[in-house]
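Visitor:
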Amino acid sequence: MKSSEQFPTRKAQLKQSESAEAIKDPVIIAYRDNDLFAEFVPRITQILERRGRAVSLQTFPRGSNVRTESNQSELIKIAKISLFGSPTDISGKTDRHIGILDRTLRTSLNLPELERKTTSSPGFELDAIIGDIITKHFCGELYSHDQMRSPEGAKSLFQKTATTLAEKLGKPDHIVVDVRKITEHWPFIGADEQYAFQQISSWVREIFPECAVEPGENPRDSGWFIVDRHQSTIPAGIEPLIFRLPVESGIHDLAALGLLPALNISNEEIEERLDILRL
283 MKSSEQFPTR
293 KAQLKQSESA
303 EAIKDPVIIA
313 YRDNDLFAEF
323 VPRITQILER
333 RGRAVSLQTF
343 PRGSNVRTES
353 NQSELIKIAK
363 ISLFGSPTDI
373 SGKTDRHIGI
383 LDRTLRTSLN
393 LPELERKTTS
403 SPGFELDAII
413 GDIITKHFCG
423 ELYSHDQMRS
433 PEGAKSLFQK
443 TATTLAEKLG
453 KPDHIVVDVR
463 KITEHWPFIG
473 ADEQYAFQQI
483 SSWVREIFPE
493 CAVEPGENPR
503 DSGWFIVDRH
513 QSTIPAGIEP
523 LIFRLPVESG
533 IHDLAALGLL
543 PALNISNEEI
553 EERLDILRL
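Residue 326 in our numbering sits at position 44 of the sequence shown, with consecutive numbering throughout.
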């Protein structure tokens with residue numbers, strides 16, 4: 283007689299059945315392109331496909347102004363496709379799939395219907411997935427998505443990154459902050475640009491009290507230039523030092539230049555994060 287271990291229990295059978303069905307759910311990833319996503323989305327896609335998921339991408343050109351009427355209309359369509367499988371039907375009764383959207387699509391458009399989660403189309407935030415992977419690798423601890431929604435969490439990560447930079451390059455004597463588009467990302471979504479500038483200025487002065495901070499749309503020949511990742515086409519460089527926000531984008535760019543410790547994020551680290559999300 284065979285041992286009971288060779289006969290899976292009904293609970294185990296159900297779990298295996300549910301797991302097999304879940305892995306068949308396709309994934310739709312919708313996002314506005316940028317350097318960070320350009321590196322990580324293909325890697326995430328490969329891993330998901332290797333796990334048996336079909337993946338389709340809905341992309342929006344990098345640097346696009348999401349606040350124009352025509353672009354908002356297109357973003358709404360892309361977001362609805364990702365969350366609900368259809369640009370028009372938001373009933374949640376579409377074929378099963380999983381939507382992964384970037385933060386802009388989920389939040390800055392302020393569309394309540396896109397925040398709904400249904401059993402047929404659970405939604406995840408692309409920025410949070412990639413940001414969690416980068417910050418955990420860089421800091422040795424996780425700066426979670428919820429932490430980064432708050433000014434205190436964002437300040438902590440910014441100051442840690444800026445202090446690490448200063449140890450290598452020296453403290454900056456002046457910083458120009460371009461606040462355009464910064465309010466499209468946490469922790470400044472819904473805030474006005476003046477508030478965002480004041481907050482970033484206070485973060486800087488807490489760690490570099492002698493540093494002059496001024497608003498501006500163009501960098502000086504030296505010093506630091508803080509700018510949203512969708513705003514500036516200026517290549518990352520040392521003079522001036524381009525520090526892109528959100529902070530995870532700055533970490534990514536500056537590590538690539540050798541100004542921060544190399545990230546060298548492995549597929550295992552990405553898979554670990556996807557496992558936590560049961561993707």
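Yeah, the Cβ is synthetic: ideal placement off N, Cα and C, and Gly gets one too.
Quick caveat: nothing in here was measured; it's all calculated off a predicted structure.
How is Arg-610 classed by DSSP in three states: helix, strand or coil?
Guide: Lying outside 283 to 561, the shown extent of the chain, residue 610 is not represented and no answer is given.
Visitor: DSSP state of Gln-328, grouped into three classes?
Guide: Position 46 of the sequence shown, counted from the first residue, corresponds to residue 328. It is helical.
Visitor: Taking only the alpha-carbon atoms, compute the straight-line gap between Asp-557 and Gln-480 and give it to the nearest angstrom.
Guide: The residue labelled residue 557 in the question sits at position 275 within the sequence shown. The residue labelled residue 480 in the question sits at position 198 within the sequence shown. Roughly 38 Å separates the two Cα atoms.
Visitor: Of all the options Pro-469, Cys-421, His-534 and Ala-478, which has the alpha carbon lying nearest to the alpha carbon of Ala-320?
Guide: On the sequence shown, residue 320 is found 38 positions in, with the first residue counted as 1. Of Pro-469, Cys-421, His-534 and Ala-478, the residue nearest in Cα terms is His-534.
Visitor: Once you ignore the five residues that flank Leu-330 on each side, which residues in its own chain have a CB closer than 7 Å to its CB?
Guide: Locating residue 330 in the sequence shown gives position 48, where the first residue counts as 1. These residues qualify, in order along the chain: Val-309, Val-337 and Leu-561.
Visitor: Could you give the residue range of the alpha helix (DSSP H) that holds Ala-410?
Guide: Position 128 of the sequence shown holds residue 410. Looking at the DSSP string, the run of the alpha helix (DSSP H) that includes Ala-410 is 408–421.
Visitor: Assess, as a yes-or-no matter, whether the region 545–557 is touched by the region 493–500 under the definition of 3 or more beta carbon pairs within less than 8 Å.
Guide: As far as the Cβ criterion goes, the region 493–500 does not touch the region 545–557, which means the pair count is below three.
Visitor: For Asp-474, count neighbouring C-beta atoms within 10 Å of its own C-beta (all shown protein chains included) and say buried if the count is 16 or more, exposed if not.
Guide: In the sequence shown, counting from the first residue as 1, residue 474 sits at position 192. Exposed: under 16 other Cβ atoms inside 10 Å.
Visitor: Please classify Glu-407 as buried or exposed, where buried requires at least 16 other C-beta atoms within 10 Å of its C-beta.
Guide: Position 125 of the sequence shown, counting from 1, holds the residue named residue 407. The residue in question, Glu-407, is buried, as its Cβ has 16 or more Cβ neighbours within 10 Å.
Visitor: Report the rounded CA-to-CA distance for Leu-541 versus Glu-488, giving the unit in angstroms.
Guide: Position 259 of the sequence shown, counting from 1, holds the residue named residue 541. Position 206 of the sequence shown, counting from 1, holds the residue named residue 488. Roughly 22 Å between the two C-alpha positions.
Visitor: Within the continuous beta strand (DSSP E) that includes Ala-494, where are the two ends?
Guide: Here residue 494 refers to the residue found at position 212 of the sequence shown. Here the beta strand (DSSP E) through Ala-494 covers 494–497.
Visitor: Using C-beta distances below 6 Å, list every residue in its chain close to Phe-507, excluding the 5 sequence neighbours before and after it, in chain order.
Guide: Here residue 507 corresponds to residue number 225 of the sequence shown, with the count starting at 1. Closer than 6 Å at Cβ, skipping near neighbours: Val-458, Pro-501, Pro-522 and Ile-524.
Visitor: Can you tell me the Cα-Cα spacing of Arg-333 and Ile-326, whole angstroms?
Guide: Stepping through the sequence shown from its first residue, residue 333 is reached at position 51. Stepping through the sequence shown from its first residue, residue 326 is reached at position 44. If I take the Cα positions, the gap works out to 11 Å.
Visitor: Please state whether the Cβ-Cβ distance between Arg-385 and His-467 is less than 8 Å.
Guide: Sequence index remark: in the sequence shown, residue 385 carries index 103 (1-based). Sequence index remark: in the sequence shown, residue 467 carries index 185 (1-based). Cβ atoms of Arg-385 and His-467: closer than 8 Å.
Visitor: Could you check how far apart the C-beta atoms of Asp-510 and Lys-463 are, in whole angstroms? I think they sit under 8 Å.
Guide: Here residue 510 refers to the residue found at position 228 when the sequence shown is read from its first residue. Here residue 463 refers to the residue found at position 181 when the sequence shown is read from its first residue. About 4 Å separates the two Cβ atoms, so the contact holds.
Visitor: Any idea which residues DSSP pairs Ala-312 with across the strands?
Guide: Walking along the sequence shown from the start, residue 312 turns up at place 30. DSSP lists Gln-340 and Leu-383 as partners of Ala-312.
Visitor: Helix or strand or just coil, what does DSSP make of Val-461?
Guide: Translated into positions along the sequence shown, residue 461 becomes position 179. In this structure, Val-461 counts as coil in the three-state DSSP scheme.
Visitor: Do Phe-490 and Pro-433 count as a contact pair if the criterion is CB distance below 8 Å?
Guide: Position 151 of the sequence shown, counting from 1, holds the residue named residue 433. Position 208 of the sequence shown, counting from 1, holds the residue named residue 490. Not in contact: Pro-433 and Phe-490 (Cβ atoms no closer than 8 Å).
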